[in-house]
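Reviewing the structure listed below.
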Amino acid sequence: MFRVLNHRGRREVERVRSRLSGFRLSNSSQIENSGTFYYRTLFCSILSGFPSLFIGAVVMTTVAYYFKTGKGHAAICTVAYHFFVVEAILSLSYINGWATPLRTRHRRLAHVVLQVCGFVCAAYGIVQVTIREGVSKTVHGLSGAILAVLTVLSFVVGPFILKNVHRAHTLHIVFGIPTLLMSGICVCYGLLKPEFTDWAGLDLVRILIGFVMFYCILIAVTTIMKCLKRI
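Residue numbers for the sequence shown follow this note's numbering, beginning at 218 and rising by one.
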């Protein structure tokens, strides 16, 4: 009887050892495979830190301009598009700092919440400046009008993604990327307005425009590349 038990015990030990050895081999192969992407992920992580830094510089400058002059349109619309909307896009990336520990469904939830906040702020800023100054025929005003239309289209398509409607995700990106780029164009022309350049100085304005162009183009290109990989 004891011999039978010892024999069974040895067989169980051998099974456990074989499972552990197989786990170690598979785990080590996964580490080796993931190691090939280590430097790429590291580079993307470092690169993703610059947009947040540049976004903070642009947003805080316009907020300081609001506290100095009392003109809230610039600060509200900049916060809407270049904080909430941009961070909503970045929230879907696993290498984005604060979004890294979030699960996929929580990143999508953060994306929705930030998009809604951006839409509300943008609508308030556009209505405020339209009531106060009317419809502007400048490049800044025309780009703002186009931006408002793209914002509505992108926001309307968004809920259909939650319902898993066919092609809704593609349409959301088709409208979303131009919205991001148009918001960059709009804010750049807004920074070039005489009242802002007189307050901030032309050198600072050029630096801020460079920041806006950098993170808008970077986010647009990386988003397009990510979508093309899924096709």
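Yeah, the Cβ is synthetic: ideal placement off N, Cα and C, and Gly gets one too. These numbers come from a predicted model, not from an experiment.
Best match in Leu309, Phe267, Val303, Phe428 for proximity to threonine 368 [C-alpha to C-alpha]: Looking up residue 368 in the sequence shown gives position 151. Comparing Cα positions, the closest option is Val303.
Assign arginine 241 to one of three DSSP states: helix, strand, or coil. Position 24 of the sequence shown, counted from the start, is the residue given in the question as residue 241. Residue placement at arginine 241 is poorly supported in this model, since its pLDDT is 44, which falls under 50; the coordinates are not used for a value here.
Considering only the beta carbon of each residue, do alanine 292 and valine 280 sit closer than 7 Å? Sequence index remark: in the sequence shown, residue 292 carries index 75 (1-based). Sequence index remark: in the sequence shown, residue 280 carries index 63 (1-based). Yes.
Can you tell me which of the three DSSP states threonine 295 falls into? Taking the sequence shown and counting its residues from 1, the one referred to as residue 295 is at position 78. Three-state DSSP puts threonine 295 in a helix.
Leaving out five residues on either side along the sequence, give the residues of the same chain with a beta carbon under 8 Å from the beta carbon of isoleucine 426. Stepping through the sequence shown from its first residue, residue 426 is reached at position 209. Same-chain partners within the cutoff: Cys405, Leu408, Leu409.
Taking a contact to mean a Cβ-Cβ separation below 7 Å, would you say serine 308 touches alanine 339 in this structure? Translated into positions along the sequence shown, residue 308 becomes position 91. Translated into positions along the sequence shown, residue 339 becomes position 122. Taking 7 Å as the Cβ cut-off, serine 308 and alanine 339 do not qualify as a contacting pair.
If I measure Cβ to Cβ from tyrosine 282 and keep anything under 8 Å in the same chain, skipping five residues before and after, which residues do I get? Here residue 282 corresponds to residue number 65 of the sequence shown, with the count starting at 1. These residues qualify, in order along the chain: Lys288, Ala291, Ala292, Phe413, Trp416, Ala417.
Among Val337, Val352, Phe284, nearest to phenylalanine 300 - alpha-carbon criterion: Translated into positions along the sequence shown, residue 300 becomes position 83. Selected option, being the one with the closest Cα: Val337.
With DSSP as the reference, label lysine 354 as helix, strand or coil. Along the sequence shown, read from residue 1 onward, the residue named residue 354 stands at position 137. Here lysine 354 sits in coil by DSSP.
How long is the line joining the alpha carbons of valine 422 and alanine 274, rounded to whole angstroms? Reading the sequence shown from its first residue, position 205 is the one you call residue 422. Reading the sequence shown from its first residue, position 57 is the one you call residue 274. Going by the C-alpha atoms only, they are around 11 Å apart.
Nearest to valine 276 (by Cα), restricted to the options Cys294, Phe267, Thr286, Ile263: Reading the sequence shown from its first residue, position 59 is the one you call residue 276. Answer by Cα proximity: Cys294.
Proximity winner among Gly266, Leu419, Cys403, relative to isoleucine 363 (alpha-carbon distances): Here residue 363 corresponds to residue number 146 of the sequence shown, with the count starting at 1. For the residues Gly266, Leu419, Cys403, the minimum Cα distance to isoleucine 363 belongs to Cys403.
Whole-angstrom distance between alanine 305 and isoleucine 272, CA atom to CA atom: As a working mapping, residue 272 is identified with position 55 in the sequence shown. As a working mapping, residue 305 is identified with position 88 in the sequence shown. Each residue's Cα considered, the two are about 13 Å apart.
Check methionine 218 in the structure and name its three-state DSSP category. The residue you call residue 218 lines up with position 1 of the sequence shown. At methionine 218 the pLDDT is 49, less than 50, meaning the model places this residue with poor confidence; the figure from the coordinates comes in the next sentence. Three-state result, methionine 218: coil.
Pick helix, strand or coil for lysine 443, following the three-state DSSP scheme. As a first step, residue 443 must be located in the sequence shown, where it is residue number 226. Correct three-state label for lysine 443: helix.
Would you identify the three-state DSSP class for lysine 285, choosing helix, strand or coil? Reading the sequence shown from its first residue, position 68 is the one you call residue 285. Of the three classes helix, strand and coil, the one that applies to lysine 285 here is helix, per DSSP.
Could you give the first and the last residue of the continuous alpha helix (DSSP H) run that contains valine 303? Position 86 of the sequence shown, counting from 1, holds the residue named residue 303. Run containing valine 303: 303-307, per the alpha helix (DSSP H) assignment.
Assigned secondary structure, glycine 418 (DSSP; H/G/I helix, E/B strand, else coil): Here residue 418 refers to the residue found at position 201 of the sequence shown. If DSSP states are grouped into helix, strand and coil, glycine 418 belongs with coil.
Using three-state DSSP, classify arginine 325 as helix, strand or coil. In the sequence shown, residue 325 corresponds to position 108, counting from 1. It is helical.
For glutamine 247, the three-state DSSP class (helix, strand or coil): Here the question's residue 247 lines up with position 30 in the sequence shown. Because glutamine 247 carries a pLDDT of 40, less than 50, the predicted location of this residue cannot be relied on, and no value is offered for it.
For histidine 386, the nearest candidate out of Pro395, Val374, Ile394 (CA to CA): Here the question's residue 386 lines up with position 169 in the sequence shown. Taking only the C-alpha atoms, the option nearest histidine 386 is Val374.
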